[in-house]
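Below you'll find the structure, written out as structure tokens, and then a few comments.
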Amino acid sequence: MTGPLAPAFPTVDYGALAPVLIVLGAACLAVLLEALLPLRVRGRVQLGLTLVAVVGALLAVIVRATSGAPAVSTLSGAIAVDGPALFLWGTLLALAVPSVLLLADKSVEPGGAFLADPVALGEAEADQQAREKAGVGARSASSGSSGRAGGSSGASGARLTGRGGRPVEGHTEIYALVLFALGGMLVFCASDDLLTMFIALEVLSLPLYLLCGLARRRRLMSQESAVKYFLLGAFSSAFFLYGLALLYGYADSVKLSDISLAAAGSLRPDSLLFGGLALLVVGLMFKASVGPFHTWTPDVYQGAPTSVTAFMAACTKVAAFGAILRVFTVAFGSTVWEWRGVLWVVAIVSMLIGAVLGLTQTDVKRMIAYSSVAHAGFLLLGAMAITPAGLSATLFYLLAYGFTTVALFGLVSLVRGPDGEATHLSAWAGLGKRSPVVAAAVTFLMLALAGIPLTSGFTAKFAVFSAALADGMTPLVIVALVVSAVAAFFYLRVVVLMYFSEPAADGPTVSVPGPFTTVAITLGVVVTLLLGVVPTAVLGWADGLSFLG
Amino acid sequence: MSALLLALLLVPLIGAAVCGAMATREDLDRAGRIVGLASAAVSLVLVVVVWSQFATGPGTPRFQFALSVDWIPAFGTRFALGLDGIALTMIALLAVLVPVVLAFAWADKLPPGRTGSGFTALILATQGVLVGVFAATDVFLFYVLFEAMLIPMYFVIGRFGGPRRQYAAVKFFLYSFLGGLIMLASVIGLFVASDTRLGEGTFDWTALQGMAAQLPLSTQIWLFLGFFAAFAIKAPLVPFHTWLPDAGAEAPIAGGVILLGLLDKVGTFGFLRYTLPLFPAASQELAPLVLTLAVIGVLYGSLLAAAQTDLKRFVAYTSIAHFGFIALGIFAFSSQSLAGSALYMVNHGISTAMLFLVVGLLIRRGGTSAMTEYGGVGRVAPLLAGMFLVAGLSTIALPGTNSFISEFLVLLGAFPREPVFSVIATVGIVFAALYMLWVIQRTMTGPLRGAAVVGDGPGAASAATFGGDTGSGAGTGTGSDADESWMRRTTARFGDLTRGEVAVLAPLVALILVLGFFPGPVLEVLDPTVSATLSEVGVPDPVTPNGVPR
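For the protein sequence lines, the chains are S and F, in the order given. So that you can map any letter, position 31 of the first sequence is 31 in the UniProt record's numbering, and since no number is skipped, the others follow by simple counting. So that you can map any letter, position 67 of the second sequence is 67 in the UniProt record's numbering, and since no number is skipped, the others follow by simple counting.
Right, here's the structure in full:
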């Protein structure tokens, strides 16, 4: 777009950038509203604004994708709005809808997960007990429990009120944070130069660190997870930046296409190129929780509020793999034979770590975390095959995996003991008897993660594995299939516990989800089923996309 | 025409959905079971209609009742169904066995919190998926249904099974799932190969058959091994068999009949439909390996069957021996042995179903599956013992029973090409007589023992042993009195077959005898498919048209 004679101010294709502008604009607006609006209405307005922004941006993506507008590189080539970018944007925004709904739900936990101060927490609990005494709180299906966890106010519209009628509000800034993180993700997977990518990485990461720690009034672990995530994340950002610097030294440019050009036919020393690539990849793999850069994943997944975990697990993975795909294809596609061997090892390590350590987990959230590490390995298979089939398979996998994960975390948040969520596996024994619908949904999603046919998990795995096999990665595919069988064991263990074991006497209860959570879970389950049975439309969209440059 | 096949697939699935919807309501239990039986009856009628319309003359297409619609164009998969003779006989066997097991399960005591309609739903779902597995003519569709059939059977074992059901269900699932995943590698491999050779990726069986046979031998061998792993686990060949005794022993009787009688047949069916026609060169190259495993299976299964002390595990091990025979017939590549194997698949389904059901009737009375807890059952329940004998003799292929024809055909057809393997396998027949007659002798004849005496479940074991000791050892004047009084007590508690139970077994007894004397109609349906398979493998038939070995 901008040659040497172009004016100093870069041309901006507002139409192409509309989704990003909508989300980031709404994020700024949300910050203003946070300061200006009275506490009483803040939560509702923020939620409305967030949903409108996300859905609006999603519509903008759909309009753009269906209009057949050509791929453009805009903002002086900083952002490329091409086919894969639009697909990733659509995926991210579509996943953001159920994630935001889970964040907003306050029916499962009185006052929501994000209570702002300890006084409010006390009030919320007192209020809940008063409601139960008065018989207002609708008891959930099981009656064998004690304490506040047993009850759940049926409708999310029923707002808690503290002393003197003052509404008890959680952190309403979560919405602004989510919007910023989402905006960062959108830019991250569309950025066409490394510097933009780095800034986007920071924009998406910082709000996530905060979100992880925001449930600290409920659980100390939340705070711990935020610190861990922040410290390790800062390291990985440093790696990324160092790699960027080396690559700049090599190619004299941070643009992906320039790096590719420089690598294609130059006599410059390769050590800068591959050193830079290695460091860059460490940063990217960290975000995508590919083993062995996964160490933060189980702790953070377990510690963060479950709704934040859902958002993080689904959307961060999409954004990170989107960026990985772009970097591999655009910047390093010409040198693929020289670095792919290393990534073979990374992929195998990731799959093995995920499957083997997943076997030993006794906590549902940690188990899903290790499962996500194994899935990252599978995704890497598709991302490494620098072919159109590999690209479309990876894109499809991201969409399928995201919806399954969001719905699964939504369900995890429903199973509650006296001290909040009961995520220990033993607490899930006999769930099939207590709550057949929840157990059936969890079973279906577990089967999807295991990759059983007629679920999206199978379609996605099939696409990725066939792309990898066609690109000559047969040994990797064999490892992946064996790992799938091993991983199936721990998914099945949950099913065994739920259906074949007798429930514990003082087991947890299953809260009746509010409308927001119900919608989010239903959406995830339906998409998982549809993508398993009739994936044609989405596969068709993913097929034939190609990066610009 | 093809609507009939679609109906065969959908009727059980719809029945399963209706029963499943009723499964959570205890009060609808009876209604759910009736819906299930009705659905099974409709399937049976449909099969009869399809059988009568199935053309067997020369020049019939490879697949009849064919149906094909686009499913996932991006992968080149189609929802394609079609019937050949082998698939039709398997589906017919399924349609006969499902009503029988549902009727049998009517009187079963269920574990607490489980409903009969839930069980019916799972059995019907298995039936529906199995029809799809046998009828699929698209390799992708076959794979999908191959894995999907694990799920209802997993819940049948896990929810309705014996004390170690969790272990058995997970073992069953993981073994089969692992085999399926290895097959998936080969399925993808076929797809990729078709993409490069035919210009576009396809899963159509006919297209792949033409293409895959041209692949170089090394590629064929790798792809063959992937399919072989899945099928060898499913139709358990030693050493991939260890899940079967566990699953068979822990499954409820009705579920076990479907598992041993039909689900496992998918393995041998897969050999006939996929490994042989798709990879002819590899099949011939690796035939000695498979034949070795098959013969080891015959001997090992027979010997271990003789050593079992648990009736259900006993039946499972006899099946392993029989699967060895079937595999021997398939990989001997002659028209007689192939036809024998295909017929064996039907006959083994009938005999094993009968044997497993009789064992179930025994367990229903005695409360345990331990052989040592039974003795002299023939004295208190002669009809039951008679049924056990019929089932047992059919299992060991006595002339005049159905299995004789098929076992004879297998050995006769295998001998010209593989004399050594055939002779060794023939030893298995002797072992079969040994294990079966031994069990009949121990449980059905001799002095009354164990559960047959007190008929009160496993807890009664010690009292029973005590009684047996005094009865035989002391031999004093009071001994015969005591014998008499036990007789009276046992007749009260350990009754013979009721009319309903006889009615459940009657169709199977009839099939055993009818197919023992008149296998013609079934062989007639199998023959065109068998000769098609043989020509797809591309080896000369060692048997001349008039049945004499060359």
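Positions of the beta carbon are idealized from the N, C-alpha and C atoms, including for glycine.
Contacts between S:Ser484 and chain F, judged by CB atoms closer than 7 Å, involve Leu181 in chain order.
Among the residues facing chain S, F:Glu200 is not included, as its CB has no counterpart in that chain under 8 Å away. Here S:Phe332 is buried, its C-beta having at least 16 other C-beta atoms within 10 Å. When the alpha-carbon of F:Phe404 is set against those of F:Phe518, F:Arg442, F:Leu88, F:Asp541, the nearest one is in F:Phe518. Close partners of F:Arg165 in chain S (Cβ separation under 7 Å): Phe500.
The alpha carbon of F:Leu383 has as its nearest neighbour, out of F:Ala287, F:Leu150, F:Thr498, F:Tyr317, the alpha carbon of F:Thr498.
Contact annotation: the region 221-240 of chain F touches the region 255-269 of chain F, with at least three C-beta pairs closer than 8 Å.
Take S:Val538, set aside five residues on each side of it, and the residues of its chain with a beta-carbon closer than 8 Å to its own are Phe396, Leu399, Leu531, in chain order.
DSSP places F:Trp205 in the uninterrupted alpha helix (DSSP H) bounded by 205-212. Closest in C-alpha terms to S:Leu277, from the list S:Gly291, S:Leu194, S:Arg216, comes S:Leu194.
Taking 8 Å as the cut-off, the beta carbon of S:Val45 is found no closer than this to the beta carbon of S:Leu29. The residue among F:Val192, F:Val187, F:Val98, F:Arg30 with its C-alpha nearest the C-alpha of F:Gly349 is F:Val98. Here the region 102-111 of chain S makes no contact with the region 53-61 of chain S; the two share fewer than three CB pairs at distances below 8 Å. For S:Leu481, the nearest CB of chain F lies under 8 Å from its own CB, placing it at the interface with that chain. Below the 7 Å Cβ cutoff, chain S contributes Tyr499, Phe500 as neighbours of F:Arg159, in chain order. Beyond the five residues adjoining it in sequence on each side, S:Met367 comes within less than 7 Å, by CB distance, of Gly358, Gln361, Phe490 in the same chain, given in chain order. The straight-line gap separating the alpha-carbon atoms of F:Glu250 and S:Asp419 is approximately 38 Å. Within the same chain, and ignoring the five residues on either side of S:Ala251 in sequence, the residues whose Cβ sits closer than 6 Å to its Cβ are Asp258, Ile259, Ala262. Contiguous beta strand (DSSP E) elements confined to the region 397-436 of chain S occur at 415-417, taking only those with 3 or more residues. Distance check between S:Pro38 and each of S:Thr172, S:Val525, S:Ala393 places S:Thr172 closest, using alpha-carbon atoms only. For S:Ser426, the nearest beta carbon of chain F is not closer than 8 Å to its own beta carbon.
In the three-state scheme derived from DSSP, where H, G and I count as helix and E and B as strand, F:Thr401 is classed as strand. Among the residues of chain S, those whose CB is under 7 Å from the CB of F:Glu147 are Ile452, Pro453, following chain order. CA-CA distance, S:Leu210 to S:Ala226, rounds to 7 Å. The residue from S:Ile174, S:Ala85, S:Leu95, S:Tyr14 with its alpha-carbon nearest to that of S:Ala27 is S:Ile174. The alpha helix (DSSP H) runs lying completely inside the region 351-392 of chain S and spanning 4 residues or more are 364-384, given in chain order. Inter-residue distance for F:Pro252 and S:Ala347 is about 42 Å (C-alpha atoms, whole angstroms). Closest by C-alpha distance to S:Ser501, out of F:Val423, F:Trp106, F:Gly113, F:Ala92, is F:Gly113. Bounds of the beta strand (DSSP E) holding F:Gln64 are 64-72. Of the candidates F:Asp27, F:Gly324, F:Ile296, F:Ala105, the residue whose Cα lies closest to the Cα of F:Leu124 is F:Ala105. Taking the Cα of S:Val20 as reference, the smallest distance to any Cα among S:Gly183, S:Leu204, S:Pro292 is reached at S:Gly183. Secondary structure note for S:Val81: its beta strand (DSSP E) is the uninterrupted segment 79-81. Under DSSP, F:Asp138 forms a beta bridge with F:Asp204. Residue contact with chain F for S:Asp192: absent (no Cβ-Cβ distance below 8 Å to any residue of chain F).
Per DSSP, the unbroken alpha helix (DSSP H) holding F:Gly392 starts and ends at 382-395. For F:Ser535, the enclosing alpha helix (DSSP H) begins and ends at 520-537.
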